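K.L.:
Numbering (my numbering), first residue to last: 121 to 494.
Got a structure for you, written out below as C-alpha cells; questions coming shortly.
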Ligand code: SAH
C-alpha cells in the first residue's frame, strides 16, 4: 500500500541505513564526531509486530474497501493482509467485511458527510492475547451487532471487547470521545516487562511492544539507577518509562501535556501498586522550571520528546539542576543531534548512543543516548 517505505530493502540493510542516519545527523547537525553509536537493534522477525491497526472503510461504486489510504490521498487501497500487523487482524477484517455485506451496513462518505461506519480500529495485547475491536461510527445505529459479536467470539482467539466509538465530526481525527461498550468492559491489558498496563480505545500505547521493552530496558540501563536516586521523566505520556524507572528509583516525577495521558499514568501506577511517582500536567517548558523552583530535584533526568525535540527552557532547567546523567530517548535523530550539542556546550558529554528499530520497513528510528555531567 506504500505505508512501508523501505519494505523492499533487505532487513539488515534497513538496520544499517538507520544506524547511518543517526551517525550522520550527530556529525552534521550536532558536530559529534567521536561519539560511540552502536548498531541498530533490530527484530528477529521483523513482521507482524504491530499491536494496533486503524482501517478506514469506504464504499466506491458499490464495492466495499477496507484498508489504508494511498499516500497523500484519501483513496483506500483494499487489503486482505497487512504483514506488519498482528495476524488476528486479517481474520477480524474478513469477519467485519462479511458483516457489512450481509447486514448491508451504511458506510460513511467523507464528501457528503453521510452514512454510519467510518473506521475499524483493533488493539491486541501481545502478552495477554486479549483483543479489542472498535467500530468508529457517526451514530449508535449499527444493526445486528449481536451476530458480529458471536462471530468474533467464535473465530478470534482472545476477543474480549467490542466498542462503538461515536465520531460525528467532519475531521481527519479517527476516534471521537464517546465510547459505547457492546461486549466486554472496553479495555484490554498488556504487559511490558513486569509491568501491567490497561489500554482503552483512546489511550496511547507503543505500537511495537517487543522492541519497546528493549528500548525501555536500554533507557533503564543508561539511567544506571542506584538507591536514593530521584528521577524526572519529561514528556512521559501514559507513564510507561516512568513506571519502568520507578521500579529502581526512590522517586519519579513525570511531566506531560495531555491530561488524559496523565490520568492513565496515575491509573497505571496504581494498577502496579506503585506509590513512588508524582505526575504533573502541562507544558514541559513551563512545568519543569516551576517544579524545580519549588524545590523538586532529580539526579537523573529522562526526556522522550515529540519529533520537534526539547524546548530550550527544558534543557536550561536541566543544566541548572545539574543531574549526574541525562538519558535522551528520541524519535527524531536530527533534533536529538541539535539537543545533544546544546547540552555538550553546557557541561555534559554524550557517552553513547543506541538506535532501536521500533518500526521495521519504515524509515523511522528510535534512539537512546546517555549524557554524563563533566
Ligand atoms: N514517554 C512516553 C511518550 C513519549 S511521546 C512513552 O514512551 O510512551 C512524547 C510525549 O510528549 C507525548 O505524550 C506528547 O503528548 C508529549 N508532549 C508533546 N509536547 C509536549 C510539551 N510541550 N510538554 C509536555 N509534553 C509534551
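Every residue gets a Cβ at the ideal spot worked out from N, C-alpha and C, and that includes glycine.
As the structure is a computational prediction, the values presented were derived from the model and not from experiment.
Does the segment 405-416 come within contact of the segment 337-349, defined as at least 3 CB pairs closer than 8 Å?
P.N.:
no
K.L.:
Measuring straight from C-alpha to C-alpha, what distance separates residue 188 and residue 195?
P.N.:
A direct Cα-Cα distance of roughly 8 Å separates residue 188 from residue 195.
K.L.:
Please report how far the alpha carbon of residue 493 lies from the alpha carbon of residue 480, in whole angstroms.
P.N.:
34 Å
K.L.:
Please find out if some non-hydrogen atom of ligand 1 comes closer than 7 Å to the beta-carbon of residue 378.
P.N.:
For ligand 1, at least one heavy atom lies less than 7 Å from the Cβ of residue 378.
K.L.:
Rounded to a whole number of angstroms, what is the C-alpha to C-alpha distance between residue 474 and residue 364?
P.N.:
Approximately 18 Å, taken between the alpha carbons.
K.L.:
Whole angstroms is fine: what's the gap from residue 246's alpha carbon to residue 317's?
P.N.:
Rounded to whole angstroms, residue 246 and residue 317 show a C-alpha spacing of 12 Å.
K.L.:
Regarding residue 436 and ligand 1, is the C-beta to nearest heavy atom distance less than 7 Å?
P.N.:
No, ligand 1 has no heavy atom inside 7 Å of this Cβ.
K.L.:
From the DSSP output, in three-state form, read off residue 450 for me.
P.N.:
strand
K.L.:
Would you tell me roughly how many angstroms separate the C-alpha atoms of residue 436 and residue 170, rounded to the nearest one?
P.N.:
37 Å
K.L.:
Measuring alpha carbon to alpha carbon, tell me which residue in 131, 298 and 338 is nearest residue 322.
P.N.:
The shortest C-alpha separation from residue 322 is found at 298.
K.L.:
Using the C-alpha atoms, what's the distance from residue 392 back to residue 488?
P.N.:
Approximately 25 Å, taken between the alpha carbons.
K.L.:
Count the C-beta pairs between the segment 304-317 and the segment 247-263 that are closer than 8 Å, then say yes if the count reaches three, no if not.
P.N.:
Because the criterion of three Cβ pairs below 8 Å is met, the segment 304-317 and the segment 247-263 touch.
K.L.:
Is there contact here, the segment 268-281 with the segment 330-337, by at least three beta-carbon pairs under 8 Å?
P.N.:
no
K.L.:
First and last residue of the beta strand (DSSP E) that includes residue 252?
P.N.:
251-257
K.L.:
What residue from 468, 443 and 296 has the CA that sits closest to residue 420's CA?
P.N.:
443
K.L.:
Does ligand 1 have even one heavy atom less than 7 Å from the beta-carbon of residue 403?
P.N.:
For residue 403, the distance from the CB to the nearest heavy atom of ligand 1 is below 7 Å.
K.L.:
How many Å lie between residue 284 and residue 234 at the Cα?
P.N.:
18 Å
K.L.:
Can you tell me whether DSSP reads residue 163 as helix, strand or coil?
P.N.:
coil
K.L.:
What is the DSSP secondary structure of residue 240, counted as helix, strand or coil?
P.N.:
strand
K.L.:
Between residue 428 and chain B, is any beta-carbon pair separated by less than 8 Å?
P.N.:
This model lacks chain B altogether, as it is built from one protein chain only.
K.L.:
Give the secondary structure of residue 391 by DSSP, where H, G and I count as helix, E and B as strand, and everything else as coil.
P.N.:
Helix.
K.L.:
Please give me, in chain order, every unbroken run of the beta strand (DSSP E) with length at least 3 that falls completely inside the segment 304-344.
P.N.:
Listed in chain order, the complete beta strand (DSSP E) runs (minimum 3 residues) inside the segment 304-344 are 308-312 and 315-319.
K.L.:
Around the Cβ of residue 238, are there at least 16 other Cβ atoms within 10 angstroms (buried) or fewer (exposed)?
P.N.:
buried
K.L.:
Skipping 5 residues on each side, what residues in its chain have a beta carbon closer than 7 Å to that of residue 280?
P.N.:
250, 251, 252, 304 and 308
K.L.:
Confirm the yes/no value for this check: CB of residue 331, any heavy atom of ligand 1, distance under 7 Å.
P.N.:
no
K.L.:
Between residue 430 and ligand 1, is the CB less than 7 Å from at least one heavy atom?
P.N.:
no
K.L.:
Taking the continuous alpha helix (DSSP H) assigned at residue 364, which residues delimit it?
P.N.:
360-366
K.L.:
So residue 439 is in the alpha helix (DSSP H); what residue range does that whole segment cover?
P.N.:
432-441
K.L.:
What I want to know is whether the C-beta of residue 161 ends up closer than 7 Å to one or more non-hydrogen atoms of ligand 1.
P.N.:
No - ligand 1 has no heavy atom lying nearer than 7 Å to the Cβ of residue 161.
K.L.:
When DSSP labels each residue in this structure, what does residue 100 get in the three-state scheme?
P.N.:
In the structure as shown, the chain starts at 121 and stops at 494, and residue 100 therefore has no counterpart that could be examined.
K.L.:
Using C-beta distances below 7 Å, list every residue in its chain close to residue 244, excluding the 5 sequence neighbours before and after it, in chain order.
P.N.:
Residues 171, 206, 208 and 251 of the same chain have their beta carbon placed closer than 7 Å to that of residue 244, with the five preceding and five following residues left out of the count.
K.L.:
Taking Cβ to Cβ, would you say residue 151 is nearer than 8 Å to residue 461?
P.N.:
yes
K.L.:
Compute the Euclidean distance between the alpha carbons of residue 485 and residue 228, then round it to the nearest angstrom.
P.N.:
35 Å
K.L.:
Scan the segment 159-206 and note each continuous beta strand (DSSP E) run of 3 residues or more that stays entirely inside, going in chain order.
P.N.:
172-180, 183-189 and 196-198
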